[in-house]
Amino acid sequence: MNDLTIIVTESPGLACIPAALRDWSAAGLIRPFVWVARPDAAGRALVARLIEAGDVTVSSMGDILARRSPAHVRIIALTSDLEPGADSTQAAQFVLAGVREAGGQMRTTQAQVLVTRLGVRTAALTAIVGWHNLVISPDDASGPARAHTTLEGTATDDDVARFALPAVAVIGALFDSVDAGPLDEQNPPPGASFRVLRAFARHLDGGAVREAMQAQVLGLSEGYPLVYEGGTTSATYIENIDRANLDMAAALWNRHGDVLMSARRQPQVPPIESLTLWKAFRMLWSFLWAALKNAPLDWANRVIYTGKAWAANAATKAIFGHNSAFAVVVGGVRGGDGGNWEAQVRALGDLESSLGPAGEGHQVHARLDSLWQDFVAGGLTLLDGQPRRSDMDATRIGTELGILRSGRMLAPSSVTDAFTEIPGGVRAATRTDSLAPYDALAIRRFAHALNGLAADPVAGAEASGVVERFQGWWRRVGTTYTAKVALRLSDEFEQRLAEIAENTKILQAAAATSGLPDEIRQEQGRLAKRMRLLVIVALVLVVATVVLGALSIIAWLIAAIAIAVWILGWLIGSVITFMRGQHRLFQLKNMRAQALGKADAAEYNLAAAIRDARRCGDAYRLLQLWAEALAIFAGDPLGRASAEGSDGRGPGTDHPLAIQFGRAEVNDLEVARRATQIRRQVFPVGWLDGVWGTFLASAGSLLGARGTVLLDEPQLLYRQRAIQEDTLLPMWVAALQRDGVPGVAGADLWDAIVSALQTTARPQLEALLGHVRTESGATETLTEFLGGLTGQVSHPTGFPSELFSAAAVTRDLTRPVTTWCEERAEGLSRTVVLTQSSDAMPPEDLQPQQDSPGKPRQPDQTIGSAETPIPGPRDPEPIDNRVF
């Protein structure tokens, strides 16, 4: 409530009251208030002191009103009839005039509160017209219907203040959780009349019970709650953690297999071409002509390169163009400098930029928001049993839902579960300081390097000790959901790198088929010589036969037959020689055709593998962030770690009976019983949906100015990409590692629980707060402690008759006629205030006692209307208006 209470005192003796209220302010029991005190004779200005949390700020009243802009101002003028001049009428009216002149829509309530004790009253009663004029009843009791002790005789200023505190605090609505006062909705009685008032207050600190209940209801130290469905337990804890997490990870990747691998092209392998007799006969003539021209190699090249010429595309150029990024990528496969996966991912981005068509346009990043939404959904399902995707079912154990007992079984955090037991020698050799439990690539490569070190005779002793600790750590974290997801993604990433290396070999083999090997060159030269020799031999035989026929040595018929035989023999011999000589040439031709057929597909598949590997690398980099965010959330989903506990502050023990402070004692059995009932309501199947939504929605506030874009659309975090410009996700995860889960979800859930306890489950709340330890150390029931403040007061105790004149006693004005009660709860703590007041009566009905017999009584006085402040006779000098 936007209100402000101003306490005005002129008498130094009454200054003890706001001074004591300052102690209560320091104890966190009351709200800020302003104290206006008249300075000594040397000063001329009213001094306004703003008291907040025990601190005092001296300022002008106008400045305080301007800065706080209250909608309601209460002005309490403290006066006394214990000594002459102990009133604040002039200063109080001046403060009221200044408040009204400050403008705005401020509503005011003004009251003169008179402090008195029986037997020592000396001053006259001075009423302020238009104000509430109240006399604090000079008695003390623990309740409105309980025995009262009258306050008589002289007392110190501190003692007077001690007994006046409850009434001043209640009238001024100063208690921290009570935002209303008994006079707020009342009009002052007409004329110059007084009412007698007594006040009671109880403040019950339920902090200890609250902490016990929060630990039982919201605490996860014993594990995640076994979720309820229809008010009965429907879940059990999963024992085979590895299987449950593996199944959920597999279901996730079944939905998002396109992230891992795109389509591939199958190589078009040409059929094997054999050298038949007819083909040899047809090819013989072209080869023979080439041999006669002494150009058999040109002929062989034409035979091999009868198909289309092979031209290397962008992917092949990345291999043969001495691309440094390509060397880093394949270096990881070879175990070289590319062993750092982050360097490989960066190199893949550079390498992809050299491929078409991306190299001619812009690099396209995959939309992975649905992957991370499903990744989170799978994790939440393992914790609360609610399937959030149709093909990512919850674990079933018989007829019951299976949930993980601990968030660390789902997603361990690098803050608490990283492997850091790496001595200096191993750290230097492996270049690894620590391992995150979900960084499968780094874990796998560290294990490979560590095993190599353990086999080294020199460094083996130190490395062997690390191997045992490392394996024990991995056996624990390797069964988690985030590790399973990371293992599959890392497998695909390394398979893509191996695929890049394999396609590289295919292209290198295709490149190696260009030109003729020296062995083929030599064979073609020898074959050409043989073919030329056969031609020469055949020509010699034919010529010789013709000569013999011409010389009539043989008959022309025989010569013709012989020539036919020589030609046929040459032809058969040439074909056989040619076929035998070109066998290896045709093998080379087939090898080249097959290599070129594979190269066409390999070029396409190499580009696809590079893009897939880059996409897997980007996804893996983002997975490191989402796995950490899920781990921090799963470890503390309600933000209980950041909740503030009770600091146990109190106002001390020296208080009148009218006001009591107590602490509710913890009944462990009752707390456990009520906590079990509450958990059935607040932890149904799927309870983490709203909690995760609140967690995600808090990201914008957690990031401050940089997170403004997330305030209205926190879902943008899912769309963050693994590039430098998208920094909100890394910043959010870093903030979570630093500050933990904001306690918003836990606070909201606890507020709902408290609201139910204060309304529909009020009997359960009364049972929880059933026993109270008071300031004296005694234990009372809650009913005894409240002293009847919350019930109907049927027979209230009357005010002390010594306070009234005989006529007033006769008219029964000593009886309380109005009761006002206000009860406010803050959490499980409670503040109850109650006032009793009499009918309004003229000052003569409250005649002060005579100091001694025979001494005349001072006449009663009435101050004029509060609208026109009138300087009193005790202050001849005007009041300086510098207070406003």
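For the sequence shown, the working numbering gives the first residue as 75, with consecutive numbering after it.
All residues carry an ideal CB built from backbone N, CA and C; glycine is no exception.
Remember, predicted model here, so these are calculated numbers, not experimental data.
The residue among Tyr792, Ala738, Ser775 with its C-alpha nearest the C-alpha of Trp700 is Tyr792. Taking 8 Å as the cut-off, the Cβ atoms of Pro144 and Glu126 do not count as close. Listed in chain order, the non-local C-beta contacts of Thr853 below 6 Å within the same chain comprise His845, Arg847, local neighbours out to five positions each way being set aside. Judged by DSSP secondary structure, Val270 falls within the beta strand (DSSP E) whose first and last residues are 269–279.
Assignment of Ile149 by DSSP, reduced to helix, strand and coil, places it in the strand class. Straight-line spacing of the CA atoms in Arg96 and Ala738 works out to 25 Å. With a cutoff of 8 Å on beta-carbon distance, Ile574 and Ile684 are scored as near each other. Look at the beta carbons and you see the segment 865–882 not touching the segment 201–208: under three pairs across the two are nearer than 8 Å. Three or more beta-carbon pairs separated by less than 8 Å link the segment 266–273 to the segment 909–919, which places the two stretches in contact. The beta carbon of Pro461 sits closer than 7 Å to those of Thr455, Asp467, Ala468, all from its chain and outside the five residues before and after it, given in chain order. Contact between Val252 and Val759 is ruled out by a C-beta separation of about 41 Å, above the 8 Å threshold. In the same chain as Leu902, and ignoring 5 residues on each side of it, the C-beta atoms closer than 8 Å to its own belong to Gly280, Gly281, Val283, Arg284, Met287, Ala738, Val828, Leu831, Leu839, Leu842, Leu843, in chain order. Counting only residues of its own chain and dropping the five nearest sequence neighbours on each side, Ala451 has a CB closer than 7 Å to the CB of Arg462, Arg463, Met466. Its chain contains Ala528 as the residues whose beta carbon lies nearer than 7 Å to that of Ser538, once the 5 sequence neighbours on both sides are disregarded; these appear in chain order.
The beta carbon of Pro711 lies closer than 6 Å to those of Val765 in the same chain, with the five residues before and after it left out. Going by C-alpha positions, Leu785 is about 7 Å away from Ser775.
Counting along the chain, Ala171 sits inside no beta strand (DSSP E); it lies in the alpha helix (DSSP H) bounded by residues 163–175.
Straight-line measurement puts the Cα of Asp250 at about 10 Å from the Cα of His277. Counting only the Cα atoms, Val194 lies some 6 Å from Gly227. Rounded to the nearest angstrom, the gap between the Cα atoms of Ala289 and Arg317 is 31 Å. By alpha-carbon distance to Ala560, the top candidate from Pro511, Ala523, Gln582, Ser154 is Pro511.
Pairwise C-beta distances place the segment 184–193 in contact with the segment 236–246, as three or more of them are shorter than 8 Å. For the 8 Å CB-CB criterion, Phe735 and Glu896 do not form a contact. The beta carbon of Thr230 sits closer than 6 Å to no other beta carbon from its chain once the five residues preceding and following it are set aside.
Under DSSP, Asn207 forms a beta bridge with Gln186. Judged by DSSP in its simplified three-state form, His845 adopts strand. Its Cα nearest to that of Gln910, the residue Thr892 stands out among Arg904, Glu900, Gln921, Thr892. Taking the Cα of Trp327 as reference, the smallest distance to any Cα among Ala693, Ala809, Gly136 is reached at Ala693.
Note that the C-beta distance between Glu677 and Leu581 is below 8 Å.
For Gln260, the closest alpha carbon among the candidates Thr182, Leu615, Arg898, Arg482 is that of Thr182. Selection Glu576, Ala821, Ala171 evaluated against Leu680 yields Glu576 as nearest (Cα-Cα).
Looking at the DSSP output, Gly736 shares a beta bridge with Leu278, Thr848. Excluding sequence positions up to five before and after Ala254, its CB lies within less than 7 Å of the CB of Ala247, Glu896, all in the same chain and listed in chain order. Ranked by how close their Cα comes to the Cα of Arg339, the residues Leu860, Arg748, Arg479, Asp674 have Asp674 in first place. For Glu897, the enclosing beta strand (DSSP E) covers residues 892–900. The closest CA to that of Ser308, considering only Arg904, Gly862, Arg754, Asp513, is found on Arg754.
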